[in-house]
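Sequence lines, in order, name chains B and X. Per the numbering used here, the first sequence starts with residue 1, numbered consecutively. Per the numbering used here, the second sequence starts with residue 144, numbered consecutively.
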Amino acid sequence: MFLLTPEPIDPTSLREAADNPHAGAVSIFEGLVRNHHQGRKVLRLEYEAHGPVAEKEGRCILREAIEKFDLDYAGATHRTGTLEIGECAVMVVVSAPHRRETFDACRFVIDEVKRRLPIWKKEFYTDGSSEWVGCEGCRGKQH
Amino acid sequence: MKKKPYGLLLAGGKSTRMGRDKADLMIVEGLSMRDRGLELLRAVTEKSYLAIAGDDHRNYDDPTIQDLRENAGPMAGLESAFSHSPEAAWLVTACDLPFLTLSTLEYLVDARDTTCDATCFTSRFDGKPEPLCTIYEPSSRAILERELSGGVRCARRFLSTLARKEIKLPELSALDNCNRPEDLEEARLSLSHGRSLKSVLVEYCGVLREDAGCHSEEFQTRSVTVAGLWEELRMSRRLSLEIDSVKVAINDEFRSWNQPLAEEDKVTLFPPFAGG
């Protein structure tokens, strides 16, 4: 199950979705908002997502993970909107009969989420400035 | 009757973004961008020359004029042309204008005002004069020399200092240029399929939404591929990213830049992803 949500992520309910008598292992990854980025002090973040494409691609990543690692369950949730320091931005939960597959699958899912989902992050710094993450190097060359 | 101008086709550019000499690229079967540019110029000029870099020692079938100075771009080409034939007016075009048509050149020649230093088109993107499809009268030579000695290397800046007659483009996209393989594909398809007017919905995300100042807009385009549309939007909406860092979806499916556009397509432009 893949979900985009403007509401705070509830780890307990997401974790429960992985319960399955066939599964002997559950791995969880939580991505949190930290207070610094490349030496700058971060105050808060804003996430923007393209809903239709992100949800389609997110479901696709989870299907790939289930097939590749023979999982019993794979779920991921990504936040949108304004997030304060310490809040959970993304959570991945996977379950399988054994731990090796769940560790590998968890990493696969978060890496693909970062690489493939149309989601953008704007960082707001303590000095009052802000920046779209990932666009710094591409901007301003042309004009 | 006005004496016909001479033609100068600029072919000395470095084509860094295309990855190879643009002039050699085939625009339609058997016809390079250079051949096509010269063919168009010949139809409206007394005689036409290929402007080439000073260090270009290739053998050309067509008459050439070599740049007298290095790294001065189009201005060096025009300088050498005036040195070659000072009495002539020079119609200067570039080989990377794949959408240029004979009717646009005829329109320029008909509109020519010999009492001005130059006759040129106004850019459809920013309203400034376009220096690379322009007739430069002999009277512009002195100003060219002055600007060159003053260190000016921007042809557009030079043209802005001239007394000129500016006219509107009869075909809007005639001077859109071609710097990347995607642009060339757009040109090829438009020459073979024609450019029909389509209405598409453009969605902007992240930094591009801030650049464009809106989430989405209806946009009228004659571009054949989504790369052609990107070029139009990049210029007119002052988008701050390069095509290499942007991804595109059509009707919510990721597509390549060569994807042809259809009426009422929804085109979504994605800046570099930064989830997680």
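Quick reminder that beta carbons are idealized off the backbone N, C-alpha and C, glycines included.
Chain order gives the chain B residues near residue 413 (chain X) as 50, 53, 118, 120, where near means a beta carbon separation below 9 Å.
Cβ neighbours of residue 102 (chain B) within its own chain (closer than 7 Å, five residues either side excluded): 25, 26, 27, 94, 95, 96. Proximity of chain X to residue 33 (chain B) at the Cβ level (cut-off 8 Å) is not reached, the minimal Cβ distance being about 11 Å. Considering only B:19, B:84, B:67, the residue with the shortest C-alpha distance to residue 46 (chain B) is B:84. Near chain B, meaning a CB-to-CB distance below 9 Å, the residues of the region 381-397 of chain X are 381, 382, 383, 384, 385, 387, 388, 389, 390, 392, 395, 396, 397. Taken residue by residue, none of the region 244-274 of chain X has a beta-carbon sitting less than 9 Å from a beta-carbon on chain B. The beta carbon of residue 352 (chain X) lies closer than 8 Å to those of 358 in the same chain, with the five residues before and after it left out. Residue state for residue 231 (chain X) is assigned as coil, using DSSP reduced to three classes. When DSSP assignments are scanned along the region 360-392 of chain X, the uninterrupted stretches of alpha helix (DSSP H) that are 4 or more residues long and fall wholly within it turn out to be 369-379.
Sequence-distant partners of residue 71 (chain B) (beyond 5 residues in either direction) whose C-beta falls short of 7 Å from its own C-beta, in its chain, are 65, 94, 95, 96, 101, 105. Within the same chain, 415 come within 6 Å of residue 388 (chain X) by CB-CB distance, once the 5 residues on both sides are set aside. Residues of the region 340-371 of chain X whose Cβ lies closer than 7 Å to any Cβ of chain B, in chain order: 348, 349, 350. Put simply, the backbone Cα of residue 13 (chain B) is about 11 Å away from that of residue 77 (chain B). Contact with chain X is found for residue 110 (chain B), since one of that chain's Cβ atoms lies less than 9 Å from the residue's Cβ. The three-state secondary structure of residue 110 (chain B), taken from DSSP, is helix. Using a 10 angstroms sphere on the CB of residue 6 (chain B), the tally of other CB atoms stays under 16, which defines it as exposed.
At a Cβ-Cβ threshold of 9 Å, residue 145 (chain X) and residue 257 (chain X) count as neighbours. Counting every other CB atom within 10 Å of its CB across the protein chains shown gives residue 50 (chain B) a total of 16 or more, marking it as buried. Non-local beta-carbon contacts of residue 249 (chain X) in its own chain, meaning distances under 7 Å to residues more than five positions away in sequence, involve 187 in chain order.
When the beta-carbon positions are compared, residue 239 (chain X) and residue 320 (chain X) come within less than 9 Å of each other. Boundaries of the alpha helix (DSSP H) around residue 249 (chain X): 245-254. Residue-level contact by beta carbon fails for residue 125 (chain B) and chain X, as no gap is shorter than 9 Å. Look at the region 86-133 of chain B and you find these whole runs of beta strand (DSSP E), each 3 residues long or longer: 88-96, 119-125, 130-132.
Close partners of residue 40 (chain B) in chain X (Cβ separation under 9 Å) are lacking, with about 15 Å as the shortest Cβ gap.
Take the alpha-carbon of residue 15 (chain B) and the one of residue 87 (chain B): they are about 17 Å apart. For the C-beta of residue 216 (chain X), not a single chain B residue is nearer than 9 Å; the gap to the nearest is close to 18 Å. When Cβ-Cβ separations below 9 Å define contact, residue 63 (chain B) makes no contact with chain X. Under the three-state reduction of DSSP output, residue 324 (chain X) falls in the helix class.
Apart from the 5 residues on each side of it in sequence, residue 284 (chain X) sits with its Cβ closer than 6 Å to the Cβ of 225 in its chain, given in chain order. Residue-level contact by beta carbon fails for residue 405 (chain X) and chain B, as no gap is shorter than 9 Å.
Across the structure, residue 63 (chain B) and residue 4 (chain B) are spaced so that their CA atoms are roughly 17 Å apart. Close to chain X, meaning a Cβ-Cβ distance shorter than 8 Å, are the following residues of the region 76-100 of chain B: 78, 89, 90.
For residue 56 (chain B), the uninterrupted alpha helix (DSSP H) segment begins and ends at 51-69.
The continuous stretches of alpha helix (DSSP H) do not include residue 273 (chain X), which lies in the beta strand (DSSP E) extending over residues 272-279. Of all alpha-carbon atoms in X:383, X:223, X:147, X:363, the one lying nearest the alpha-carbon of residue 252 (chain X) is that of X:147.
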